[in-house]
Structure formats: C-alpha cells, structure tokens
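When we follow the working numbering, the leftmost residue of the sequence shown carries the number 1, and every step to the right adds one.
The beta carbon of each residue, even a glycine, is placed where N, CA and C say it ideally should be.
The structure presented is a predicted model; accordingly, all values stated were derived computationally and were not measured.
What follows is a set of notes on a single structure, which appears directly below.
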Amino acid sequence: MSGSGTVLVENMQINGRAEDPGRTISLTLLDNYAHWVILDPLRQRLFLNSTGRVLDRDPPSYISTIVVKVQCTNELVGTVILHEVRIVIRDKNDNTPRFQQQHYYVAINELTPAGTIIFTGFGGDNGATDIDDGPNGQIEYGIQYNPNDP
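See the structure below:
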C-alpha cells in the first residue's frame, strides 16, 4: 500500500508549456471518480491521493485498477486530446491464511531435508484460505533450515 503523495506518473511527456507566461497547453484530470489521483499540470505528474483511506486490492475494497483521463487542450489552436492513464494495483502479501481447523497432522520422514515442500494447495473445506491475490494467496508448507539445530 502506497502512501498519499506517491508519484504514479513522473512525467506524462506531453509537448507544450502548461504555465504562464507562454502557456501553450492546459491539462485537466477527468473521470477521477473516487478521487484517487491528483494532477500537477505544471510538472505533468500524477500522484496518489489516499488521504484518510487505504488503497487495497484485497476485500473489501477490491481495487485492482484505477483509470483516469488527462485532457490536453492546445491553447493555440483549441484542439483537445484525451490521454487514458491506467494504474494497475499490485497485490501485497498482507493477509495471513485463515485455517479451517485448529490442528493439522502430517507424517514426515525425519530424514526429509530442509527446503523440501511438504504440500501446496491446502485449500477447501478442511484447509486454509488466503484472500491475497496470485502467488501471495497460495499456501505452501515446507521444511525450513534452523541454524540453531545441532
């Protein structure tokens, strides 16, 4: 989760000058329905606006993409061009698995080496679920090396 003020687009690279004197273009942010984006037209930057709220891909928000348009008006001839900006929200591994049972038992040979994956895909009615997306939501159990073991 990025904080408010995080730069989403460093420079839109639109030709022209958006400030006086000598202004040749004006930039306007459109379709910013939930007000997640702030436009700095002089620097042609887009910032995240998450003040007082959390931008999260996971439930209950389910925000995976933010789409806004930047309207560029050529002040010299009056033409208008719309630039669509699509911001893809990546999942952060910020949720722990929820287990359906309090205890689970599995038999493992005592000679099984560290790094061995015991099982994956431990889901369903008897397993565990994780609301994180993609690899962050996959549950895997394995044997890890313990440097304190003799």
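Who are the near neighbours of residue i in its chain, counting only those whose CB is closer than 6 Å to its CB and skipping five residues on each side?
i: residue 42; result: 18, 19
Identify whether residue i lies in helix, strand or coil by the three-state DSSP scheme.
i: residue 1; result: Interpretation of residue 1 is limited by its pLDDT of 49, a score under 50 that renders its predicted location unreliable; the figure taken from the coordinates is listed afterwards. Correct three-state label for residue 1: coil.
i: residue 134; result: helix
i: residue 20; result: coil
i: residue 50; result: coil
i: residue 25; result: strand
i: residue 153; result: Nothing can be reported for residue 153, as the shown portion of the chain is limited to 1 through 150.
i: residue 8; result: strand
Would you mind working out which of the options sits nearest residue i, comparing C-alpha positions?
i: residue 110; options: 143, 38, 48; result: 143
i: residue 87; options: 22, 116, 69, 148; result: 69
i: residue 47; options: 138, 85, 63, 71; result: 85
Starting from the C-beta of residue i, find all residues in its chain whose C-beta is less than 8 Å away, skip the five residues before and the five after it, and write them out in chain order.
i: residue 61; result: 54, 55
Ordered along the chain, which non-local residues of its own chain (more than five positions away) have a Cβ less than 7 Å from that of residue i?
i: residue 112; result: 143
Is it right to say residue i is buried, meaning 16 or more other beta carbons lie within 10 angstroms of its own, or is it exposed?
i: residue 58; result: buried
Minimum length 3: unbroken beta strand (DSSP E) runs contained in the stretch 56-143: 65-74, 80-88, 117-120, 140-142
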